[in-house]
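Q: Per mature numbering (1 follows the signal peptide of the UniProt record, and there is no 0): the sequence shown = residues -19 to -1, 1 to 1049. All C-beta atoms in this analysis are idealised placements derived from N, C-alpha and C, irrespective of residue type, glycine included. This is the structure I have questions about; it appears just below.
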Amino acid sequence: MKYFFVIIAALSITLQGRADQDTLFFSPQPEDVTALEGYNTTIKCGASSKENITFYWTLDGQNLENDTRRHMVGSNLYISRVSPLSDIGEFKCIATDTTTGRSIISRGAQVNILWITDTAQVIAADSSLEPSIGEELSLHCKAEGNPETQITWYHNGARLFRDERISFKSNQLHILGLTLHDNGIYSCRAINDYGSVNSSENFVLRLSDGASPRITIVPRSVVIPENSSAQFNCAFDNTELEEWYFSNQLLKNSSRHKIYPNGTLEISFITTDDAGIYLCKGLSTEESYPDQVYAAQLQIAFLDSLTEDSLEPQVRDVHVTVHDPYDVMCLAPKGLPKPRMWWENPKGHVINDSGHIYVEDMRLIFTEVQEADGGEYKCNAENIAGSTKVNFFLTVSAAPTIIKHPVDLTVNEGENARFQCTYSNTSAASVVWLKDDNYIKDSGNHIILNEQNGTLLIRNVAPSDAGYYICEIQSEGFSSVHSRSALLSVKEKLKFIPAPVNRKLELSSNAKIYCKAGGSSPPVVKWTKLDARSPEWPPHIKDDNGTLHFNRVLNTDSGKYMCVATNSQGVINATIDVDVVVMPKFNVQPSDTVANEGEPVILHCLAEGDPLPVIQWDKNNELNGFDQMRFTVLENGSLYASEIHADDEGKYGCTAGNSGGLRRHEVSLTVKAKEFNTNRIGRDFGNDGENTMTKTVAITLGAAGVYIILVVGLMMWCRYRRARRKALMLAQATADVAKCETAENSEAMHDMELKDRTAQKAHCNDVTTCEDNSELMKNSSLKKYHYPRDKLSVVMLLGHGEYGEVFLAKAVGILEENTETVVMVKSLESKNERLIAEFKKEISMYIKLKHENIGAVLRVCQEADPHYMIMDYTDWGDLKQFLLATGPDDASKGPKQSPLSISQNLMICQQVALGMEYIAKQQFVHKDLAARNCLISSNLKIKISCPCLSLDTYSQEYYHCESRIVPLRWAPAEAVIADNWSVKSDVWSFAVLVWEVFYKAELPYLEMSNEDVMQKLQGGELKLCMPKDTPEVLVKILNKCWSENLSDRPSFLEVVAVLTEVNLSVQV
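Set out below in structure tokens:
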């Protein structure tokens, strides 16, 4: 019974093994493949089970190692370049089940390689004997290949065919009964499925009976580079003359062909047309002997270039871990003659076939890569046509180690912080830094990373830079190495966040003025009014820890206010100007009107404000969209029409605007058609009984009446024309100075304010600095632009820029004698030499620019500090405020300005483009093109200017980048980061301005912080999208304007052309 159980167990094991064998089998089984020499092929192999199966291959029983030429792709064997020397044999695939350890071996598979030898050779069957006339000649064409080659034979380049004397057998040629006609050059060509090859060594047959011509110097085939010279030598005995033929044409001496008396042919300046068979013919002296002909071939030498594709695998830069093996193959380029090839190491030395780096059949092999092996390796090929090379750079990676870790730092806000991370030198290593476990990028100005020495520099440290910093060493083939963390502590300085800015408060409104500050400890923030008689605030004003609350603003609230912040670090203060303004208000609003056709009509519109508002009219939202010959805007703002037509019916809007804002009211004008009297006018004269005298008197009196009416009408028309011209002139004059007209009692105050400002800015604590400022600004060429500053009277402060204050003023006689003109004044209060130089450059630029769409420098004041640049101004102020007033989100009370049409938007953009085209032609760069720096008049005329109110009014639209203030959201990366300003950066800014116009002055990238904008700008990820109704042609040109590549951005000339085309198409 015991033996029975043993037998049963053995049978079960055997059956289980057979079951395992049945479950694991090849699918697919390797099969024989056919491939061309030098081309790739794949031998496929797979198993029935996909899990826990490993594969490897053998060739004639030897395991195959994966290399760049022959390796496994999955379970298949891939050969990138089949070779008859290395790939002949039986390939087998072995599959192993890793769970059981059992392996199966496939049947053998072979690669049927199609190939042919590089050259062929013609040899005589019996080379020891010289053939004679009447004997038999047997020649053999030696050429090998797979499949077997087929041979064709040639005599002096002409193909031979079988006849009674000529026969072919296998690769042999047989000629019976040799005669003098058989003399010449015998060559062959071998052909198979792979290709063909011509013989390079040919057989020369030279029979003679003693008196017949016999060749003494046989011409030899040559391979010659283009543009060089070739020479064929040929000489006969017993000949009268030697001649040369090419393409069945007799060659004669010429500029390129020269035949010497000894029979030598020389060809100069070889071209591809010269390639072919040349025949040397010896002319017999006796007619009984045939002429003797011998052929030679001219071939043009060439050499293809080595490229990255010549390397196998295709590499340019390769990283290899130290001590690993590596090899790369350099494939020979096509060339004639066959090029010589060799490898060079990084020192330029030829690599031989021994050592741990050696060459085998142009395969560069590293048995074990060393750290010192890194560098550039070159594969070279050369023949008489020239030379070529291809290289790759080998980087050897070794595991890096940190030698010196970064240490904790404590710095004051605004100073620089530097972390160092020293590591073992390895050519393939790089350093990155993390802050609070997040990778940080090199910004080019604030954060600077040096990947070579591992240094992290943080310029102008801000409180947000505080945190833990770690350096990470990265090296290909190794895990990253991290340093110990280092803490950066920032001592925050006492500062305003942000600094308070000048404000304009509307009379009788409720308003707030904010002042916030921060520091190492929370500061106490308070306000004070500098010109107040009492330190106590009036009842309607309350100071709530830096926030001033105004309960119904009064006229007396205007003046200078100082915010003071105090903590343990000290005291800081900031002074602002508060102006109380009165926005335009309608005293008389226009009302809906019904008018009879042909009659005059007036639409009343009177407005008041401080400054006095300018009134403009529009029809159906089109500015001045009515007949200018019949409609006149009167001095009081009302719209008068001398004669109403039916097509005058529509919506009419009256817009009143001043520096405080805009008000608009819209009414309807309805025109009633004229009623005609159908009764006969002359019915009283219709009685046939009237006598002739009565009719005559009536006709005479009627004619006289008509004449009188015509004379009176003509006189009234002349008086109307004179009155209309006078009204137009007065209206224009009113628009030019409307913003200047303020109450007389305020003019004295403004004059005093200007004098105080001048006196205050002229005072310097450092006399040397003041003198330097004056010296830097002296310019004899500006003397003719001098304007006495005592003729300026301040109207209102616009804000502060980098140079200093920017304000509106009235200038007497600056354009016309005894006439006041509203101007914009930019003051130079800075003592920074760079800003002084830029201020001077800006004056020179705007003085030279004479264009209707560019603001002009009218005069300068430079006899004392601060220096003034006086520029023209417009009645409706800057473009940004105008766009905000026309936007859908304008929160101002009362009627609003009508929205701009697409045509009007394009007209504004076209004017800006025209101005910028002119600036570019004059080789100037604006650097701050935006809606805030363009002015607009009440007739929608645009002027490019430069208020640049970067410190208060528009401070949120500027960004502190190192020591510079830049318009971050309007400028490209090369300008913000590298300070590289050009016409191309102005093109970028112009495209953003167009976006502003279409989006009603919305802040670009409104949902993003300045830091986010900066980060995306560095990464090239910023993108603005235009509204859906924007013309497609305009969208395309704007996208080109925002190209990261400067050369891809269009010129302003192209932009103007596109805008002109788009504007015309929209109007049509």
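For the candidate residues E898, E589, S963, whose alpha-carbon lies nearest to that of S1028?
A: Comparing Cα positions, the closest option is S963.
Q: Measuring only the C-alpha atoms, how far is N1044 from F1033?
A: Their backbone Cα atoms lie some 16 Å apart in a straight line.
Q: On a CA-only basis, which of V63, R50, V92 is nearest G70? Give me that one, please.
A: If we check each option's Cα against that of G70, V92 comes out closest.
Q: Which runs of the beta strand (DSSP E) spanning at least 3 residues fall entirely within the region 875 to 935, listed in chain order?
A: Listed in chain order, the complete beta strand (DSSP E) runs (minimum 3 residues) inside the region 875 to 935 are 915 to 917, 923 to 925.
Q: Which class does V350 belong to by DSSP, given the choice of helix, strand or coil?
A: In this structure, V350 counts as coil in the three-state DSSP scheme.
Q: Going by CA-CA distance only, name the one from H781, T382, T81, E943 that's closest to G425.
A: Among H781, T382, T81, E943, the Cα nearest to that of G425 belongs to E943.
Q: At a cut of 8 Å, does the region 494 to 504 reach the region 409 to 419 through at least three beta carbon pairs?
A: Because the criterion of three Cβ pairs below 8 Å is not met, the region 494 to 504 and the region 409 to 419 do not touch.
Q: Under 8 Å, with one C-beta from each stretch per pair, do the region 844 to 861 and the region 781 to 801 reach the 3-pair mark?
A: Touching, yes, given that three or more Cβ pairs across the two stretches are closer than 8 Å.
Q: Pull up the distance between the alpha-carbon of E810 and that of G785, whole angstroms please.
A: Rounded to the nearest angstrom, the two C-alpha atoms are 5 Å apart.
Q: Q102 and E18 look like a contact to me (Cβ under 8 Å); what is the Cβ gap, rounded to whole Å?
A: Between E18 and Q102 the Cβ distance is about 20 Å, and since that is not below 8 Å, they are no contact.
Q: Give the DSSP-derived three-state secondary structure of Q455 in the structure shown.
A: Strand, per DSSP.
Q: In the DSSP output, which residue or residues are listed as bridge partners for Q131?
A: I172.
Q: Less than 8 Å separating the beta-carbons of R195 and R187?
A: Closer than 8 Å, so yes.
Q: So the alpha helix (DSSP H) K385 belongs to, where does it begin and stop?
A: Counting along the chain, K385 falls outside any alpha helix (DSSP H), though it belongs to the beta strand (DSSP E) covering 383 to 385.
Q: Would you list the one or two residues that DSSP bridges to D525?
A: Looking at the DSSP assignment, D525 forms a beta bridge with T528.
Q: Less than 8 Å between the CB atoms is what I'm expecting for Q999 and A954, so what's the real figure, rounded?
A: Confirmed, about 6 Å.
Q: Can you round the beta-carbon distance between V392 and V471 to whole angstroms, since I take them to be within the 8 Å contact cut?
A: Right, the Cβ-Cβ distance comes to about 6 Å (below 8 Å), so this counts as a contact.
Q: Starting from C1022, follow the alpha helix (DSSP H) in both directions and report where the run begins and ends.
A: It spans 1013 to 1022 - the alpha helix (DSSP H) in which C1022 sits, taken as one unbroken run.
Q: Can you check the region 214 to 246 for any beta strand (DSSP E) of at least 3 residues that lies completely inside it and give the ranges in chain order?
A: 216 to 218, 220 to 227, 238 to 240, all fully within the region 214 to 246.
Q: So what does DSSP say about M1007, is it helix, strand or coil?
A: Coil, per DSSP.
Q: Mind checking whether E578 and I625 have CB atoms under 8 Å apart?
A: Yes, the Cβ-Cβ distance between E578 and I625 is below 8 Å.
Q: E819 lies in the alpha helix (DSSP H); which residues open and close that run?
A: Residues 814 to 829.
Q: Which of helix, strand or coil does DSSP assign to L984?
A: Note: L984 maps to coil in three-state DSSP.
Q: Pull up the distance between the alpha-carbon of P1031 and that of K981, whole angstroms please.
A: Each residue's alpha carbon lies about 25 Å from the other.
Q: Is DSSP giving G683 helix, strand or coil here?
A: Looking at G683 - three-state DSSP - the assignment turns out to be helix.
Q: Candidates K359, C586, F567, V505: which alpha carbon is nearest Q550's?
A: Comparing Cα positions, the closest option is V505.
Q: Helix or strand or just coil, what does DSSP make of L1034?
A: In this structure, L1034 counts as helix in the three-state DSSP scheme.
Q: Given a cut-off of 8 Å, decide if L159 and I205 are closer than it, judged by their beta-carbon atoms.
A: Not in contact: I205 and L159 (Cβ atoms no closer than 8 Å).
Q: Taking contact to mean at least 3 C-beta pairs separated by less than 8 Å, is the region 394 to 404 in contact with the region 358 to 366?
A: These segments do not touch.
Q: Based on Cα-Cα distance, which residue from D342, K965, N536 lies nearest to M66?
A: Per the sequence shown, residue 66 should be read as Leu rather than Met. Ranking D342, K965, N536 by Cα distance to L66 puts D342 first.
Q: Let's test the definition: count the other Cβ atoms within 10 Å of the Cβ of E898 and tell me whether it reaches 16, buried, or not, exposed.
A: Answer is buried; the Cβ neighbour count reaches 16.
Q: Given a cut-off of 8 Å on the beta-carbon distance, is the pair L593 and N568 in contact?
A: Not a contact, by the Cβ cut-off of 8 Å.
Q: Can you round the beta-carbon distance between D859 and P928 to whole angstroms, since I take them to be within the 8 Å contact cut?
A: Contact holds; Cβ gap of about 7 Å.
Q: Sort T100, M805, A256, I94 by Cα distance to N127 and report the nearest one.
A: Answer by Cα proximity: I94.
Q: Since A952 contacts W1023 with CB under 8 Å, what's their CB separation in whole angstroms?
A: 11 Å between Cβ atoms; not a contact.
Q: Does DSSP put V1047 in a helix, in a strand, or in coil?
A: Here V1047 sits in helix by DSSP.
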